Amino acid sequence: MSGPARPLAIENVTVIPLDTDRRLEAHTVVVRGDRIAWLGPAEDVRNMKGAPRHIAWRDGIARGEMLGPSLHTAGPTTDGDPTMRVGAVSVSTEAEADRAVSAAARAGYEAIKVYDHLAPQGYQAIVRAATAYGLPVVGHVAFQVGLDAALAARQRSIEHLYGYVEAMQPPGSPLREHRVDPASARALIAESAVRTADRSRTRELVDATRAAGTWNCPTLIIRRRHLQTLEELTARPENRYEPPMHVEGWRQFKLTYPYGTSLKGEELAIFQQIVGGLHASGAGLLAGTDASVHFIFHGSSLHEELEEFVAAGLTPYQALVVASRNAAEFLGELDESGTVAAGKRADLLVLSADPTERITNTRAIDGVMSGGRWLARSDLDVLLERVATNARALPQWLSGPPSWATEAPPEFAARY
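What the sequence shown shows, in my numbering, is residues 657 to 1072, in sequence order.
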């Protein structure tokens, strides 16, 4: 699995370059070092809850000292006071915003993540501080801020489509007017807001999103998980890659979920409509999964999210673009990655079946080229087995349950 000392040729393959909807039959891709020297998708991971170890990983991968996808990381979560997020930085004033943002900038984080409980003054203070330090604002739409204000602030990205169902509520309603207690807002959304959402506002909202230049990372897989039974989830083969107590934490969470799931199918349908509208309007979409919560596994969940994009009306090719070219464009790296072209970073996925014909073919992985290092299917299987072994060996006191299952206040569960 060491990096090639001489050029490596991947011969007689069909290349999906992802610049336009086309297929290059019977091609050879020559890789020299970490670059495509001559004539699938590029690997970029966006981490939304930063810690010092993530900066170390990012830099180690960039130097070729660690094997992994190109990593980009936001800083620690910024939230209101009180926060519902363990480890979040509370921000209510200009001074607190400046301290939080300046610390993130000095540490080398690439974005500022905002969260649910921020009050309008705290949110706007973060936006001003982030602008001053040249960092984008990404994350949730706080309940007391709302979608309109987030778009007016040119928030760079919105996660999980938060804010849209609230903006679809009838005029004068607490959710629409941001007069709801943040601690109970997710419960309202889970229990009733889907029924009262005015879907006819979708076009207006997606057009406003496009005009603001705001991107969305829908994480539709979260909603799909609610439609799956505990038996289905605990039978998933990916559980072997998680520490047993972590899986047990997920199981307990599913058993004790405090809000009904009867509307989750309708909620998913609304979000699919929003995703289809965003795509049709030309607004930016990203592929993400919120991996590490609720039986959402790192790696495999991205394949599922691509399937959710297709279920929302995108073609398989368009879903692939969301996960590759769009990611590079969002990160300002389109000249480096995102499409398959000479001179770009050699992060490639080699498949035995065409994903533009059936999106599930992204799972038919023959090999991965990561930063110029070739990993055959057998190499990938060795790495996966190592992950499974390490998961089983992790001491119980380290392995679970997850902090969100034991430390967060009860209303936290309503996010899911």
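Where is the CB? At the ideal position from N, CA and C, for every residue including glycine.
Values in this document were obtained by computation on a predicted structure and should not be read as measured data.
(request) Can you grab the Cα-Cα spacing for the pair residue 963 / residue 1041, in whole Å? (result) 26 Å
(request) Determine the DSSP secondary structure at residue 814, reduced to helix, strand or coil. (result) strand
(request) Specify the secondary structure class of residue 857 as computed by DSSP and reduced to three states. (result) helix
(request) Would you be able to state if there are at least three C-beta pairs under 8 Å between the stretch 841-853 and the stretch 777-787? (result) no
(request) Count the other CB atoms, across all protein chains shown, that sit within 10 Å of the CB of residue 836; report buried if there are 16 or more and exposed otherwise. (result) buried
(request) Could you name the residues of the same chain whose beta carbon sits closer than 7 Å to that of residue 673, not counting the 5 residues immediately before and after it, in chain order? (result) 680, 995, 996, 997
(request) Keeping to the same chain, check which residues put their C-beta closer than 7 Å to that of residue 729; ignore five residues upstream and five downstream. (result) 703, 706, 710, 711, 714, 765, 766
(message) Please classify residue 911 as buried or exposed, where buried requires at least 16 neighbouring CB atoms within 10 angstroms.
(response) exposed
(message) What would DSSP say about residue 993, mapped onto helix, strand or coil?
(response) coil
(message) By DSSP's criteria, residue 703 is part of a beta bridge. Which residues make up the other side?
(response) 729
(request) Output the boundary residues of the beta strand (DSSP E) element that contains residue 795. (result) 793-795
(message) Out of 865, 797, 811, which one is the CA nearest neighbour of residue 834?
(response) 797
(request) Taking 8 Å as the threshold, find out whether the stretch 939-947 comes into contact with the stretch 894-905 through three or more Cβ pairs. (result) no
(request) Return the first residue and the last residue of the alpha helix (DSSP H) that residue 1043 is part of. (result) 1033-1049
(message) Would residue 806 and residue 785 be called neighbours here (beta carbons separated by less than 7 Å)?
(response) no
(request) Could you tell me the distance, in whole angstroms, from the CA atom of residue 1000 to the CA atom of residue 1028? (result) 11 Å
(request) Count the other CB atoms, across all protein chains shown, that sit within 10 Å of the CB of residue 883; report buried if there are 16 or more and exposed otherwise. (result) exposed
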